[in-house]
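Chemist:
Number of protein chains: 2
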Amino acid sequence: MNSSDSRQLTTPAPSPHDYVGTPALATPAQVIVDVLGAPEPQLCDPAEPMIFADDLAAVRGDGVFETLMLRNGEVHNLQRHATRFVTSAAMLDLGEPDLDRWLAATELAAEAFGASVGAPEAALRWVYSRGRESTGQATGWVTVAPIAADVLTARQSGVKVMTAERGFRIDLSERSPWALIGAKTLSYAANMAALRYAKAHGLQDVIFVSDEGHVLEGPTSSVVVLRDNTLVTPPIEAGVLPGTTQAALFRVAEEQGWETAYEVLSVQDLIESDGVWLVSSVRVQARVTELDGHEMPRAECADEIEQMMWEAVAH
Amino acid sequence: MNSSDSRQLTTPAPSPHDYVGTPALATPAQVIVDVLGAPEPQLCDPAEPMIFADDLAAVRGDGVFETLMLRNGEVHNLQRHATRFVTSAAMLDLGEPDLDRWLAATELAAEAFGASVGAPEAALRWVYSRGRESTGQATGWVTVAPIAADVLTARQSGVKVMTAERGFRIDLSERSPWALIGAKTLSYAANMAALRYAKAHGLQDVIFVSDEGHVLEGPTSSVVVLRDNTLVTPPIEAGVLPGTTQAALFRVAEEQGWETAYEVLSVQDLIESDGVWLVSSVRVQARVTELDGHEMPRAECADEIEQMMWEAVAH
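Going line by line, the protein sequences match chains A and B. When the letters of the first sequence are read in order and numbered with UniProt numbering, they come out as residues 1 to 315. When the letters of the second sequence are read in order and numbered with UniProt numbering, they come out as residues 1 to 315.
Laid out in structure tokens, this is it:
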């Protein structure tokens, strides 16, 4: 309540990320496209605000999103993201997204990012909100920003991980559609809190586990386990998001003669496996090097597995 | 993906609310104060956007809020809201809010609302976000908007309610601080979905119940039960938000010779009680007239109970 408290909130905090391929920036290297606010998607000045104070995305986390990898000007795994985006929107009773419009916005954003920032890799995000509380008008926007340096580190060196109880019942999604399990909503505060908790304990990531001890997913990733010659991931019915990168990986792996399976997994299954990876669109893959304090040695075939992960997101 | 889909998203939807005391408005009757973006809180044009596209409130629901009642120019139950706001912020590892600053912003917003919109009752909201992803700069704002007509209806006629499994374990908050149980975060998508589900089934509100069958809270309210001469509410340890209106009510009730208690309650306890109310800051009270299809007759002393609820929020 004194003036030093006041300064605490008004002095700009240090940037949380060092961006790859760009210097530290006072004005962030971003591209913003407004998708729904005009007859056609249009570029916005990233130095200006674009969301109203009563937008339900900002005051209720009431909307859905996707994060896509933009690499050398190309968006990857687009169809799977689009499918999940439409499914998430339906689960929240949002109007069906006009995909042509979102794809036009994506193209516009990717071109503008190439022309202005030009980093080789970026995270391209679709955000679709229920819109303004006062008007009922839906809002949607696309952002592109360079990827954070810790993403590169995780790809190269892997991540130390803790398991964390998520606290949802495994059968909640069937009985309780309002829990929105399987929808990629903007209400990610608990996911972000779990990541902060891990980082505060010297770790880099989290794997959520159900009440029953079943492995679920990371806060922003799917869990893929190597067991002999089989890649295994928890089934959707466990209460996880359908993973776009995991799905693309499984297709590539099957083409290359690996087995794939959707199976209920315990934490012990992970510890005894031949390898565990967290896979997601922008980071692509981060091998788990330590799980709840157990060292997870790198399997001989890890290079081959990770190569498949990169192939999976290359188109 | 044809042009009619496109129009679906760009044509303004009808306003979701008729506001009390103001005509239907194309530009909403709002007041917006930016709390953290300048050396002092300042009024913003409500017709202009004020939040950046990468604000973590809007893309992750990563922040906290309070909704206060503004009645005839006065904000009610301020200290309890301020206390909970500080607690919520701490649970999310946000910087401690400078309350002097938030109170100055609140005063500015209330005065501007009185001068411009002038409705007798309004909802005044504090939103405190982790801020912009690209800069790490925290953001915060205060909005004031007239209350919706269905709030008046619920006060006068009560609400038909369904119970809904929330799916959290009752002891999750102790073992899993990342679940943020007890923090009033912006990640309210599931709460909003539960309310939509109820409304789609001809009801007006929801009471969440734990796995164990313990009564928790409404999506935007506390549950207060009348049993003989005692007012009962579930304990915080059940995994509910500390209710500001409930706390104020209990103080008034104790002064007037009623008993109060924090007790684990089952749905059957509610059905067999002498009355159930959903209490919250802006709606104040809505008596449950039907619970999971069971009619809940109005007790003789209901007028007295509701009178105490109004007294509780009068200062």
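Glycine included, every Cβ here is placed at the ideal spot set by N, Cα and C.
Throw me the rounded Cβ distance for the residue 286/B and residue 205/B pair, which I believe falls under 8 Å.
Modeler: Position 286 of the second sequence, counted from the first residue, corresponds to residue 286/B. Position 205 of the second sequence, counted from the first residue, corresponds to residue 205/B. That belief holds up - the Cβ atoms of residue 286/B and residue 205/B are roughly 7 Å apart, short of 8 Å.
Chemist: Note down, in chain order, every chain A residue with its Cβ under 9 Å from the Cβ of residue 317/B.
Modeler: Residue 317/B lies beyond the range of chain B shown here (1 to 315); nothing can be said about it.
Chemist: I need the boundaries of the alpha helix (DSSP H) containing residue 64/B, first residue and last residue.
Modeler: Working through the second sequence from its first residue, we reach residue 64/B at position 64. Where residue 64/B is concerned, there is no enclosing alpha helix (DSSP H), although the beta strand (DSSP E) it sits in stretches over 63-71.
Chemist: In the DSSP assignment, what residue or residues form a beta bridge with residue 55/A?
Modeler: Along the first sequence, one-based indexing puts residue 55/A at 55. 132/A, per the DSSP bridge assignment.
Chemist: Let me make sure I understand the geometry here. Which of 228/A, 138/A, 148/A, 239/A has the alpha-carbon closest to that of residue 219/A?
Modeler: For the purposes of this step, residue 219/A is taken as residue 219 along the first sequence, with counting starting at 1. Among 228/A, 138/A, 148/A, 239/A, the Cα nearest to that of residue 219/A is on 239/A.
Chemist: Under 8 Å between C-beta atoms, does residue 180/A make it to chain B?
Modeler: Locating residue 180/A in the first sequence gives position 180, where the first residue counts as 1. True, the Cβ-Cβ gap to chain B drops below 8 Å.
Chemist: Between which two residues does the alpha helix (DSSP H) harbouring residue 207/A extend?
Modeler: By 1-based counting over the first sequence, the position of residue 207/A is 207. Residue 207/A: not part of any alpha helix (DSSP H); member of the beta strand (DSSP E) spanning 205-209, first to last residue.
Chemist: Please name the residues in the segment 52-64 of chain B whose beta-carbon is closer than 7 Å to at least one beta-carbon of chain A, in chain order.
Modeler: Within the segment 52-64 of chain B, the residues whose Cβ lies closer than 7 Å to some Cβ of chain A are 52, 53, 54, 55, 57, 58, 59, 60, 61, 62, listed in chain order.
Chemist: Between which two residues does the alpha helix (DSSP H) containing residue 42/B stretch?
Modeler: As a working note, residue 42/B is residue 42 in the second sequence. Boundaries around residue 42/B are those of the beta strand (DSSP E), 42-44, since no alpha helix (DSSP H) includes it.
Chemist: Hey, could you find the ends of the alpha helix (DSSP H) residue 265/A is sitting in?
Modeler: Mapped onto the first sequence, residue 265/A falls at position 265. Element bounds for residue 265/A: n/a, residue is neither H nor E.
Chemist: Using a Cβ-Cβ distance under 8 Å, would residue 69/B count as near chain A?
Modeler: Residue numbering aside, residue 69/B sits at position 69 when the second sequence is read from its first letter. Judged by the 8 Å Cβ criterion, residue 69/B is not in contact with chain A.
Chemist: May I ask you to list, following chain order, the residues of the segment 202-221 of chain B that have a beta carbon less than 7 Å from some beta carbon of chain A?
Modeler: 211
Chemist: By the criterion of Cβ-Cβ separation under 8 Å, what are the contact partners of residue 309/B in chain A?
Modeler: On the second sequence, residue 309/B is found 309 positions in, with the first residue counted as 1. Chain A residues near residue 309/B: none, gap ~25 Å exceeds 8 Å.
Chemist: Can a CB atom of chain B be found closer than 8 Å to the CB of residue 126/A?
Modeler: The residue given as residue 126/A occupies position 126 in the first sequence. No, residue 126/A lies away from the interface with chain B (no Cβ there is under 8 Å from its Cβ).
Chemist: State yes or no: is the C-beta of residue 186/A within less than 8 Å of the C-beta of residue 63/A?
Modeler: As a first step, residue 186/A is located in the first sequence; it is residue number 186 there, counting from the start. As a first step, residue 63/A is located in the first sequence; it is residue number 63 there, counting from the start. It is a contact, given that the beta carbons lie within the stated cut-off.
Chemist: Can you grab the Cα-Cα spacing for the pair residue 29/B / residue 234/A, in whole Å?
Modeler: Here residue 29/B refers to the residue found at position 29 of the second sequence. Here residue 234/A refers to the residue found at position 234 of the first sequence. Between residue 29/B and residue 234/A, the C-alpha separation is close to 48 Å.
Chemist: Going straight from the alpha carbon of residue 119/A to that of residue 111/A, what length do you get?
Modeler: Here residue 119/A refers to the residue found at position 119 of the first sequence. Here residue 111/A refers to the residue found at position 111 of the first sequence. Each residue's Cα considered, the two are about 12 Å apart.
Chemist: Evaluate residue 334/B with the Cβ neighbour count: other Cβ atoms within 10 Å of its Cβ, from every protein chain shown; 16 or more gives buried, anything less gives exposed.
Modeler: Examination of residue 334/B is not possible in this model, given that chain B is present from 1 through 315 alone.
Chemist: So residue 114/A is in the alpha helix (DSSP H); what residue range does that whole segment cover?
Modeler: Here residue 114/A corresponds to residue number 114 of the first sequence, with the count starting at 1. Here the alpha helix (DSSP H) through residue 114/A covers 99-116.
Chemist: Report the option in 149/B, 117/B, 75/B whose CA atom is closest to the CA atom of residue 104/B.
Modeler: Taking the second sequence and counting its residues from 1, one reaches residue 104/B at position 104. Out of 149/B, 117/B, 75/B, 75/B has the C-alpha closest to the C-alpha of residue 104/B.
Chemist: With 8 Å set as the bound, which would you pick, yes or no: does the beta-carbon of residue 280/A sit closer than that to a beta-carbon of chain B?
Modeler: Counting from one through the first sequence, the residue named residue 280/A turns up at place 280. So, not an interface residue.
Chemist: Determine the closest residue to residue 191/A out of 56/B, 69/B, 44/B, with distance taken between C-alpha atoms.
Modeler: Taking the first sequence and counting its residues from 1, the one referred to as residue 191/A is at position 191. Residue 56/B is the option with its Cα nearest to residue 191/A.
Chemist: Would you tell me roughly how many angstroms separate the C-alpha atoms of residue 211/B and residue 42/A, rounded to the nearest one?
Modeler: On the second sequence, position 211 is the one that residue 211/B refers to. On the first sequence, position 42 is the one that residue 42/A refers to. Whole-angstrom Cα-Cα distance: 47 Å.
Chemist: Taking just the CA atoms, how far does residue 52/A sit from residue 133/A?
Modeler: Position 133 of the first sequence, counting from 1, holds the residue named residue 133/A. Position 52 of the first sequence, counting from 1, holds the residue named residue 52/A. So the two alpha carbons sit approximately 10 Å from each other.
Chemist: Could you name the residues of the segment 129-152 of chain A whose beta carbon sits closer than 7 Å to any beta carbon of chain B, in the order they occur along the chain?
Modeler: 134, 135, 136, 137, 138, 141, 143, 145
Chemist: Looking at the C-beta of residue 236/A, does it have a partner C-beta in chain B at a distance below 8 Å?
Modeler: Along the first sequence, read from residue 1 onward, the residue named residue 236/A stands at position 236. Cβ-Cβ to chain B under 8 Å: no for residue 236/A.
Chemist: Use the C-beta contact count for residue 272/B: other C-beta atoms within 10 angstroms, 16 or more gives buried, fewer gives exposed.
Modeler: The residue you call residue 272/B lines up with position 272 of the second sequence. Burial call: exposed.
Chemist: Would you check if the distance between the CB atom of residue 122/A and the CB atom of residue 144/A is smaller than 8 Å?
Modeler: The residue given as residue 122/A occupies position 122 in the first sequence. The residue given as residue 144/A occupies position 144 in the first sequence. For residue 122/A and residue 144/A, yes; Cβs fall inside 8 Å.
Chemist: Closer than 8 Å by beta-carbon distance: list the chain B residues that pair up with residue 196/A, in chain order.
Modeler: Here residue 196/A refers to the residue found at position 196 of the first sequence. The answer, in chain order, is 93, 178.
Chemist: Where does residue 146/A fall in DSSP's three states?
Modeler: Numbered from its first residue, the first sequence carries residue 146/A at position 146. Here residue 146/A sits in strand by DSSP.
Chemist: Using the beta-carbon count (16 or more within 10 Å), is residue 146/B buried or exposed?
Modeler: As a first step, residue 146/B is located in the second sequence; it is residue number 146 there, counting from the start. Buried is the call here.
Chemist: With 8 Å set as the bound, which would you pick, yes or no: does the beta-carbon of residue 79/A sit closer than that to a beta-carbon of chain B?
Modeler: Taking the first residue of the first sequence as position 1, residue 79/A is located at position 79. Chain B, which has no Cβ nearer than 8 Å to the Cβ of residue 79/A, makes this no.
Chemist: What beta strand (DSSP E) runs, 3 residues minimum, are completely inside the segment 231-302 of chain A?
Modeler: 259-262, 275-280, 284-291
Chemist: Any beta carbon of chain A sitting closer than 8 Å to that of residue 116/B?
Modeler: Along the second sequence, read from residue 1 onward, the residue named residue 116/B stands at position 116. Not an interface residue.
Chemist: Using 8 Å as the threshold, is the C-beta distance between residue 142/A and residue 290/A below it?
Modeler: Working through the first sequence from its first residue, we reach residue 142/A at position 142. Working through the first sequence from its first residue, we reach residue 290/A at position 290. Cβ atoms of residue 142/A and residue 290/A: not closer than 8 Å.
Chemist: How many Å lie between residue 196/A and residue 159/B at the Cα?
Modeler: Taking the first sequence and counting its residues from 1, one reaches residue 196/A at position 196. Taking the second sequence and counting its residues from 1, one reaches residue 159/B at position 159. Taking the straight line from one Cα to the other gives about 39 Å.
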